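In terms of full-length UniProt numbering, the sequence shown opens at residue 1 and continues consecutively.
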Amino acid sequence: MKRTRHNAAYAVVALACAVPLFAQAADEIVIGASLPLSGPIAGFGKYQQWGYQTAVTDANKRGGVTIDGRKYTYRLVIRDDKSDPKLAASNAEALISKDNALVLLGSCTPALVNSGGMVAERSKVPMVTGCNPLGAFRSAQKWTYVWDIFFDEADLAEAPFRMMRDLKIAVDKTIALIHDNGPDGKVVGGTLWPRHAESGSYTIKQKAEFAPENMQLASVVNELKARNPDITFVDAGTPQAVFLRKQMAAVGYKPKVLVMEKGAEPEQFAHETGPLADGVLVGAYWDPSFKTAGAEELAMRFERETGKPVSQHVADSNTAANVLIDAITAAQSLNREKINQAIGRTEKSYVVGNVRFDDTNTSKLPVVVSQWQNGKSVIVWPKRFATATYMMPK
1 MKRTRHNAAY AVVALACAVP LFAQAADEIV IGASLPLSGP IAGFGKYQQW GYQTAVTDAN
61 KRGGVTIDGR KYTYRLVIRD DKSDPKLAAS NAEALISKDN ALVLLGSCTP ALVNSGGMVA
121 ERSKVPMVTG CNPLGAFRSA QKWTYVWDIF FDEADLAEAP FRMMRDLKIA VDKTIALIHD
181 NGPDGKVVGG TLWPRHAESG SYTIKQKAEF APENMQLASV VNELKARNPD ITFVDAGTPQ
241 AVFLRKQMAA VGYKPKVLVM EKGAEPEQFA HETGPLADGV LVGAYWDPSF KTAGAEELAM
301 RFERETGKPV SQHVADSNTA ANVLIDAITA AQSLNREKIN QAIGRTEKSY VVGNVRFDDT
361 NTSKLPVVVS QWQNGKSVIV WPKRFATATY MMPK
């Protein structure tokens, strides 16, 4: 509904003064989100968009929320940050000042989530997010109004080493470590992987680091071919992951274990690499087979509505939105401070699992290892969660 000039003026004043009680238009609560719907990581943003919108749609079907005898419905407003951290920040500002967002949901990756989160923090606007590794989230600053539900980089980095040991995969323990120099790439690929490799008596045959936007990676692949390690770990965006996987095959490099964190997770990777995706490993935190609230139903609904394979990002995004909606109900108020306090008291089982925030505003999800097999993502480790057995890359 169109705002009056008076309401628009009040919105600007409320933002500038950080007044927690926010005027909503016509019995409507606006939830704002900046998402990467275009650019290099658009593959993640499309899943998040569905997860957020599904939670909002379901809440409205249940009748929205009644506060002080007045019924409200929810409206999700999304702005495309085009995978650009600067735009993620300006989008957050616009969602608050122009779109009347009472609360916010996060983008994806540390660079985008933290950029938008800093605006939310400064404006004292509650924001719940997934898709941001917890170490990168914690290290950005001390958070009060922003809350993160995701995995910890330490668990992600350790998982493939534990998998190789537990599954007794036959390798000669020679390894290459390739990563971008973005926030998570530097932590996982530049610090944690080398630490686990050295403590596990692996021989590091190659280390390579590059800028997240760099596509000039032929020399990296040529060195891989020359050094020929049995194992290669990659942490990079989807365009780089696709390029590297295709070039490995083109030069005849055949690893026995191939981990490609981040970039190999979206269905876009499997679509663009075809059979070459088979055997590629990716750290994971959710699968429809998990015995969490509504996991199988959510996956079936996504595939029915979109015609595409489900991704784990529908789970953490759907959970983040539901945590926010539940907090508004629990607060029984449009006061941002009260909503924020209600988020902090969250202790409930959602589709992604149990959510309970600690004093760093984070709720950690356990890590498993997934693998692309015949165009589908399956869980291969740990054994108690496995839906398939490990296969070597093709």
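C-beta atoms are modelled at their ideal positions from N, C-alpha and C, and glycine is treated no differently.
Keep in mind the model is a prediction, meaning the values are calculated, not measured.
Assigned with DSSP and collapsed to three states, valine 188 falls in helix. Residues Ser311, His313 and Val314 of the same chain have their beta carbon placed closer than 6 Å to that of tyrosine 47, with the five preceding and five following residues left out of the count. In the same chain as aspartate 27, and ignoring 5 residues on each side of it, the C-beta atoms closer than 8 Å to its own belong to Arg70, Lys71, Tyr72 and Thr73, in chain order. For aspartate 172, the three-state secondary structure derived from DSSP is coil. Where valine 113 is concerned, the enclosing alpha helix (DSSP H) starts and stops at 110-123. When C-alpha distances from glycine 237 are compared across Leu258, Ile149 and Phe269, the shortest belongs to Phe269. For alanine 284, the secondary structure class from DSSP, reduced to helix, strand or coil, is strand.
For leucine 334, there is no enclosing beta strand (DSSP E), as DSSP marks it with neither H nor E.
Around the beta carbon of arginine 336, 16 or more other beta carbons sit within 10 angstroms, so the residue counts as buried. Under the 8 Å Cβ criterion, the stretch 30-44 does not count as touching the stretch 289-299, having fewer than three qualifying pairs.
Pairing alanine 92 with glycine 116, the inter-Cα distance amounts to about 5 Å. A Cβ-Cβ distance of about 10 Å is found for the pair valine 380 and proline 160, leaving them out of contact under the 8 Å criterion. For alanine 140, the CB contacts under 8 Å within the same chain, skipping 5 residues up- and downstream, are Pro110, Asn114, Gly117 and Met118 in chain order. It is roughly 22 Å from the alpha-carbon of serine 123 to the alpha-carbon of serine 83. Remark: C-beta atoms of valine 221 and glutamine 247 approach each other more closely than 8 Å. In the DSSP assignment, isoleucine 96 falls within the unbroken alpha helix (DSSP H) covering 85-97.
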